[in-house]
């Protein structure tokens, strides 16, 4: 056990007793635990009914139209009367059944096609490691923003005319039945960035039995999302210089500015990234305290006298009934998908020494 100087992360990982889960205190763990106690009733079995879905792609043994192994392809489908699409990369180098990694984008200006492929380079890793990667695409609202939409979830106002949980059920069904590939039902990994990370937790609650693992990069919770009931390995990545979704909760400088510009992000005031820890620990019925370590290989220098090595806080598989929970906390990291790929600049610079894609795959792929 390595002692940790960052009180914020330490407090977030102190394991409470059952009698203290609902108590309110100033530390982040209590905030997460308080959310657990009050939100356990969110999971409503009525939400889990399958939607009526009409798939445009022909259900046959042939690959879906336009899906070419080794290329990023777009698949069109119809969900609840809406024309929707997702992108998929099926590797040429593959042994079936295939693991599948679903990568969800955050709020953007409506140009989501290819976005997460460029920012994460997951398609390159899919070819190297032999898994399929799926990039779901959110609808563009009247405000011009592409954002995930579902009652209780999302960081923009909810449109009551459709639910992206229905869309994701259709995407999963299409991947399973319309791409001409065999998928491994025990290795279906759900990953999201920013609001996509928030939506990952909601989807696990709304779609039990579908996904095997999940990860959120600079994600959050507001407290109204569906409660996850499936124990699973969880990876969380966040930064201490995130000014869009600050780790301590609420709005940061960047989210405040974005709210002034768009008028659509007021829900970020309820953002509480630390709650993700509480949900995962409670979901996996973890016991004991996390083990902390500094990982200096992710950085090449000190900033003055301030140590900025990545803090890794881990509750092991033995502590969590076979489903470890791991937080990578980068004290100087801004709001970005770190390491490889494009992106950064406006919302936050990438940390070049921390490869979020590799960390997620190393922890979850084939677990």
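Numbering (this note's numbering), first residue to last: -10 to 356. Think of the CB as a built atom: it goes at the ideal place given N, C-alpha and C, for glycine as much as any other residue.
Only residues of its own chain outside the window of five on either side were considered, and among them 97, 99, 101, 127, 129 have a CB closer than 6 Å to the CB of residue 135, listed in chain order.
Boundaries of the alpha helix (DSSP H) harbouring residue 112: 111 to 118, taken from the DSSP string. In this structure, the alpha-carbon of residue 125 lies about 15 Å from that of residue 56. For residue 62, the uninterrupted beta strand (DSSP E) run begins and ends at 61 to 68, by DSSP.
By the neighbour-count criterion, in which 16 or more other beta carbons inside 10 Å mark a residue as buried, residue 250 falls on the exposed side.
Between residue 270 and residue 234, the gap from beta carbon to beta carbon reaches 9 Å or more. Restricting attention to 299, 307, 349, 245, the CA atom closest to the CA of residue 340 is found in 299.
Beyond the five residues adjoining it in sequence on each side, residue 247 comes within less than 6 Å, by CB distance, of 254 in the same chain, given in chain order. Under the three-state reduction of DSSP, residue 244 is assigned to helix. Collapsing the DSSP output to three states places residue 258 in a helix.
The bridge partners DSSP lists for residue 177 are 89. The distance from the Cβ of residue 108 to that of residue 331 is about 6 Å, consistent with a contact at the 8 Å cut-off. With 16 or more other CB atoms across the displayed protein chains lying within 10 angstroms of its CB, residue 183 is buried. Approximately 5 Å separates the beta-carbon atoms of residue 222 and residue 312; this is inside 8 Å, confirming the contact.
Secondary structure note for residue 100: it is in no beta strand (DSSP E), with a DSSP letter that is neither H nor E.
Taking C-beta atoms as the reference points, residue 315 and residue 302 count as a pair closer than 9 Å. Spanning the alpha carbons of residue 229 and residue 319 requires a straight line of approximately 6 Å. Where residue 266 is concerned, the enclosing alpha helix (DSSP H) starts and stops at 264 to 272. With contacts defined by Cβ atoms closer than 9 Å, residue 179 and residue 172 do not form a contacting pair. DSSP places residue 215 outside any beta strand (DSSP E), giving it a letter other than H or E. Looking at the DSSP output, residue 299 sits in a beta bridge with 284.
Within 10 angstroms of the beta-carbon of residue 71 lie fewer than 16 other beta-carbons, which makes it exposed. Between residue 152 and residue 139, the beta carbon gap of about 5 Å places them in contact (Cβ cut-off 8 Å).
Membership of residue 122 in the beta strand (DSSP E) is indicated by the continuous run 121 to 125. Residues of the same chain with a CB within less than 6 Å of the CB of residue 160, apart from the 5 flanking positions on each side, are 75, 125 in chain order. With a contact defined as Cβ atoms closer than 8 Å, residue 142 and residue 214 qualify at about 5 Å.
When DSSP states are grouped into helix, strand and coil, residue 134 belongs to the coil group.
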